[in-house]
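First comes the structure, then the notes that go with it.
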Amino acid sequence: MRKTLIIAEIGVNHNGSLQMAKQLVRKAKEAGADIVKFQTAKLSSLVSKYAEMADYQKKNTGIVESQKEMLQKLLLSYEDFVCLSEYCKDIGIGFLSTPFDVESIHFLERLVPFWKVPSGEITDYPYLVEIAKTKKPVILSTGMCEISEIDNAIAILKENGTTELTLLQCNTQYPTPYEDVNLKAMETLQKRYHVAVGYSDHTQGIEVAIAAVALGAVVIEKHFTLDRRLPGPDHQASSEPEELKNMVNAIRNIELSLGSPEKKISPSEKENLSVARKSIVAAREIKKGELLSKDNLTTKRPGNGVSPMKWKEVTGTCAIRDFKEDELIEI
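Under the working numbering, think of the first position of the sequence shown as 127, with each following residue one higher.
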């Protein structure tokens, strides 16, 4: 059975609180997620003082300020991430954080098993080179991307040391309208680049992520919050604890349901073969030696006798004994 890697994207939904971050980690663990993911950045390296908030950030926060002012209230310190990585280890859930600058790449290298590169960094050449030089596996989101940009990013990663790559279909809008999800693009990514694919979900609800698994996603990333009513840019496009739990359970059921390409009778349905199928039976009383034909034979349940697929073999032969009406024919 293929096991989908489920990443609970906490991001900055801790609102700058280490205590809330730990609470989110606990809830993600309880919901069954494999990994929690945060976002790590040095503010001075991430945004200039002239960078404006995205429209969705203005709408979701109800505040108009610079990105720098917004993020100042949301980022955790490097020391906090060391603490969180240890906390994740203690309670038994994977730790991950996405770096947003080169300094944070160097800091996180010893803490994370692989890299999750966000859509916004796919055109950042120096960043991609530093990621690739670590030779760690890379999961790359492709939101806001044309194929040519993905081509270029993959070339840079491979030229500088990346050997293991997974691509995520993604739409960088929070929340994403259903008509813009485009799950079928996963097939294009898989065929073009011959890599594993997944889906980073920013829709409201859990059904799209579940559908992505049915279509072949091996990684699901879903934003996660304690409460969508909390202040902050990403809470409204996030799942609450019970939703995350329901999503994880549904994905695990889908994994079981996908099975294998082999078509065969399953163990659970074998017992119903004789109940649901039919056998050749006597349509009326038949005397020994009488010619068996469509006039004195029919097919009825149960299916533990001669299969109706042997109809041509049976008709035209003589009854080997007397048969009562509805009795299974023997040959």
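Backbone N, C-alpha and C define an ideal beta-carbon position, used for all residues, glycine too.
On a predicted model such as this, the values are computed, not experimentally measured, just so you know.
Residues in the same chain with beta-carbon distance under 8 Å from residue i, minus the five sequence neighbours each way, listed in chain order, please.
i	result
ALA159	ILE132, ILE133, ALA134, ILE219, PHE350, LEU370, VAL374
LEU283	LEU254, ILE257, ALA258, VAL264, LEU266, LEU291
GLU453	VAL407, ALA408
GLU275	ILE248, THR249
GLU439	ILE457
SER405	THR425, LYS426, ARG427, PRO428, GLY429, ASN430, GLY431, VAL432, SER433, PRO434, LEU454, ILE455
ASP206	LEU144, ALA147
GLY415	CYS444, ALA445
LEU197	VAL138, ALA167, LEU169, LEU172, VAL173
LEU202	HIS140, GLY142, LEU144, ALA147, PHE164, THR166, LEU210
LYS420	THR441
GLU397	none
Report all residues from its chain with a CB closer than 6 Å to the CB of residue i; omit the five preceding and five following residues, and keep chain order.
i	result
GLY269	SER245, CYS296, ASN297, THR298
TRP241	ILE257, LYS262, VAL264
ARG403	GLY429
ALA338	LEU309, TYR325
GLU347	ILE133, GLU135, SER326
THR288	ALA258, VAL264
Would you mind stating whether residue i and residue j have Cβ atoms separated by less than 8 Å?
i	j	result
ASP448	LYS413	yes
LEU417	CYS444	yes
PHE233	THR166	yes
LEU200	PHE164	no
ILE377	THR130	yes
LEU150	ASN141	no
VAL432	ILE455	yes
TYR325	ALA335	yes
PRO367	LEU352	yes
GLU411	LYS436	no
Closest to residue i by CA distance: which of the options is it?
i	options	result
GLY358	THR289, TRP241, GLU195, ARG410	GLU195
LEU254	ARG152, LEU382, PRO225, GLU305	PRO225
CYS214	GLU156, LYS262, ASN141, LEU172	GLU156
VAL238	GLN145, GLU247, SER223	SER223
ASN278	TYR319, LYS404, SER405, GLU451	TYR319
ARG355	THR187, THR130, ALA180, GLY137	THR187
ARG236	TYR204, ASN286, ILE217	TYR204
GLN183	ASP360, PRO367, SER230, SER392	ASP360
VAL345	GLN330, VAL321, VAL228, LYS153	VAL321
ASP327	GLY342, LEU309, GLN198	LEU309
TYR251	ILE280, GLN362, GLU212	ILE280
MET312	ALA343, ASN286, THR288	ALA343
VAL228	ASP216, TYR176, VAL243	VAL243
ASP216	ASP181, ARG152, GLU272, TYR176	ARG152
LYS185	ASN379, GLN362, SER419	GLN362
GLU212	THR289, SER392, VAL162	VAL162
ASN372	ALA154, GLU397, ILE189	ALA154
VAL208	ALA180, SER230, ILE189	SER230
ILE136	SER364, VAL190, THR289	SER364
ARG128	SER394, ILE380, SER392	ILE380
Report all residues from its chain with a CB closer than 7 Å to the CB of residue i; omit the five preceding and five following residues, and keep chain order.
i	result
SER400	PRO428, GLY429, ASN430
THR329	PRO301, THR302, TYR304, VAL307
THR260	GLU235
LEU293	LEU266, THR268, LEU315, TYR319, VAL321, VAL323
GLU178	SER192, GLN193
ASN286	VAL255, ALA258, LYS259
LYS175	SER192, LYS194
Using 8 Å as the limit for Cβ to Cβ distance, is residue i near chain B?
i	result
GLU451	Here chain B cannot be found, since the structure has a single protein chain.
*Inter-stretch contact at 8 Å, needing at least 3 Cβ pairs: the region 168-175 / the region 386-401*: The region 168-175 vs the region 386-401: no contact.
*Mind pulling the alpha helix (DSSP H) runs of 4 or more residues that sit fully within the region 197-238?*
With a minimum length of 4 residues, the continuous alpha helix (DSSP H) runs that stay inside the region 197-238 are 204-217, 228-234.
*Going along the chain, which unbroken runs of the beta strand (DSSP E) with 3 or more residues stay wholly within the region 261-308?*
The region 261-308 contains these whole beta strand (DSSP E) runs: 264-267, 291-296.
*In the region 129-168, which residue ranges form an unbroken alpha helix (DSSP H) of at least 4 residues, counting only runs that do not cross its ends?*
The DSSP assignment places 144-157 as complete runs of the alpha helix (DSSP H) inside the region 129-168, in order along the chain (cut-off: 4 residues).
_Please give the ranges of any beta strand (DSSP E) in the region 401-441, keeping only runs that are unbroken, at least 3 residues long and fully inside the region._
Runs of the beta strand (DSSP E) inside the region 401-441: 405-408, 423-426.
*Note down, one range per segment and in chain order, each alpha helix (DSSP H) of at least 4 residues found wholly within the region 316-356.*
Qualifying alpha helix (DSSP H) stretches, in chain order: 333-340.
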